[in-house]
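Have a look at the structure below, then the notes.
Numbering (the numbering used here), first residue to last: 86 to 442.
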């Protein structure tokens with residue numbers, strides 16, 4: 086061991102200093118002091134590169150030299166608007182421990198990061214206000230707790246009915262966009278001019294060059310729409326919901342341009358969307374015996390580019406197309422799996438009684 090330490094000390098003179106990486110910034114709600122921020126910074130050390138100083142020798146624990154490109158890291162607490170800045174790197178000799186050293190930002194850099202935090206808080210609060218408004222309106226309607234037995238009795242304002250209807254989804258997205266615009270407290274024209282963006286990576290104010298990335302406790306806002314009605318009985322605990330991911334791509338005048346994606350955690354007709362998509366441990370999808378759910382799913386045939394297929398790829402008779410498969414006439418419910426494609430892309434997987442396949 087002493088030989089190894091002596092050899093490592095001798096190699097310290099061969100360590101090549103790598104250039105400083107560009108400044109990166111992360112949200113950090115847990116950074117409530119310099120000490121907690123330093124602990125968080127330790128978790129974001131740059132990649133350590135190790136090599137043999139002699140190109141003719143294989144690298145071993147005894148001859149390796151390691152180095153890293155130190156990076157300037159900004160940790161931003163969105164609640165307190167506090168910024169913590171460090172240089173994060175490694176020691177130049179064995180055991181190459183992570184080093185965290187306090188650093189400074191220029192006044193301009195600090196102002197730009199604070200503008201980014203302020204936009205995040207403004208957008209988040211606007212989403213929360215819009216969500217509260219829409220869900221309050223939804224819950225003013227009487228609850229539907231009984232499973233309807235015919236299409237005429239099927240509830241209209243449901244997650245499934247919204248999901249399968251391009252018109253209803255567009256209306257929901259338009260309402261959310263308008264409500265967010267109305268609830269933004271900051272200067273929307275300024276957001277437009279400075280190029281405010283929000284995506285899966287983080288928040289960017291393009292005009293300033295400042296970007297703050299999401300961290301474990303601070304993620305991009307989701308819009309959660311709860312539904313009072315459902316095609317299936319309410320179990321007293323879980324209501325159907327549509328969980329919408331949002332990507333703010335910019336502003337068209339004073340109107341935010343938002344791209345929506347329905348998240349797999351959404352609950353539709355009593356099941357997670359991930360199950361309807363053949364995921365979450367349910368490769369065969371959901372078995373559908375409820376008449377209202379069947380009626381809703383059958384409407385997918387009229388979606389542009391939509392088609393139902395059987396497991397072998399042949400057209401399915403579900404929803405009025407093709408020829409249904411014969412049933413064996415037994416007392417049990419024999420089912421077959423249906424795959425719904427739109428423009429060649431698989432969207433949903435579910436099973437229905439064999440006579441509807």
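Built from N, CA and C at the ideal position, the CB exists for glycine as well.
I need the DSSP call for residue 322, collapsed to helix, strand or coil. Position 237 of the chain shown, counted from the first residue, corresponds to residue 322. Correct three-state label for residue 322: coil.
Hey, how far is the Cα of residue 278 from the Cα of residue 194? Counted from its first residue, the chain shown places residue 278 at position 193. Counted from its first residue, the chain shown places residue 194 at position 109. For residue 278 and residue 194, the distance between alpha carbons rounds to 18 Å.
Pull up the distance between the alpha-carbon of residue 158 and that of residue 292, whole angstroms please. Numbered from its first residue, the chain shown carries residue 158 at position 73. Numbered from its first residue, the chain shown carries residue 292 at position 207. Whole-angstrom Cα-Cα distance: 21 Å.
Beta-ladder partner(s) of residue 255, from DSSP: Start at 1 with the first residue of the chain shown, and residue 255 comes out as number 170. Paired residues: none, contrary to the question.
Would you kindly work out how many angstroms separate the C-alpha atoms of residue 344 and residue 107, rounded to a whole number? On the chain shown, residue 344 is found 259 positions in, with the first residue counted as 1. On the chain shown, residue 107 is found 22 positions in, with the first residue counted as 1. Their backbone Cα atoms lie some 29 Å apart in a straight line.
Whole beta strand (DSSP E) runs in the stretch 291 to 316 with 3 or more residues, listed along the chain? If we require 3 residues or more, the beta strand (DSSP E) runs fully inside the stretch 291 to 316 come out as 295 to 298, 307 to 311.
If you run the structure through DSSP and keep just helix, strand and coil, what is residue 440? Residue numbering aside, residue 440 sits at position 355 when the chain shown is read from its first letter. The DSSP-derived three-state label of residue 440 is helix.
If you count every other CB in all the chains shown that lies within 10 Å of the CB of residue 125, and 16 or more means buried, which is it? In the chain shown, the residue the question calls residue 125 occupies position 40. Taking all protein chains in view, the Cβ of residue 125 is crowded by 16 or more other Cβ atoms within 10 Å, so the residue is classified as buried.
So residue 211 packs on residue 269, CB below 8 Å; how close in whole Å? Within the chain shown, residue 211 is the residue found at index 126, counting from 1. Within the chain shown, residue 269 is the residue found at index 184, counting from 1. Taking 8 Å as the upper bound for CB-CB distance, residue 211 and residue 269 are in contact here, some 5 Å apart.
Quick check: the stretch 174 to 194 against the stretch 310 to 330, are at least 3 beta-carbon pairs closer than 8 Å? Between the stretch 310 to 330 and the stretch 174 to 194 there are fewer than three C-beta pairs closer than 8 Å, too few to call the two in contact.
Whose C-alpha, out of 360, 309, 420, is nearest the C-alpha of residue 346? To locate residue 346, count along the chain shown from 1; it is residue 261. When each option's Cα is compared against that of residue 346, the closest is 309.
Kindly identify the DSSP beta-bridge partner or partners of residue 187. Numbered from its first residue, the chain shown carries residue 187 at position 102. For residue 187, which the question treats as bridged, DSSP gives the partners 171.
Terminal residues of the continuous beta strand (DSSP E) containing residue 246? Taking the chain shown and counting its residues from 1, one reaches residue 246 at position 161. Careful: residue 246 lies outside any beta strand (DSSP E), inside the alpha helix (DSSP H) at 244 to 248.
C-beta atoms of residue 171 and residue 128 nearer than 8 Å: Locating residue 171 in the chain shown gives position 86, counting from the first residue. Locating residue 128 in the chain shown gives position 43, counting from the first residue. No; because the gap between Cβ atoms is not below 8 Å, this pair is not in contact.
From residue 184 to residue 349, what does the alpha carbon distance come to, in whole angstroms? Within the chain shown, numbered from 1, the residue matching residue 184 stands at position 99. Within the chain shown, numbered from 1, the residue matching residue 349 stands at position 264. Residue 184 and residue 349 have their C-alpha atoms spaced approximately 40 Å apart.
Given residue 90, which residues of its chain have a CB within under 8 Å of its CB, disregarding the five upstream and five downstream residues? Here the question's residue 90 lines up with position 5 in the chain shown. Summary for residue 90: the model assigns pLDDT 42, below 50, so the residue's position carries little reliability; its value from the coordinates is reported in the next sentence. Correct list, in chain order: 179.
Between residue 289 and residue 323, what straight-line distance do the alpha-carbon atoms span, to the nearest angstrom? Taking the first residue of the chain shown as 1, we reach residue 289 at position 204. Taking the first residue of the chain shown as 1, we reach residue 323 at position 238. Taking the straight line from one Cα to the other gives about 36 Å.
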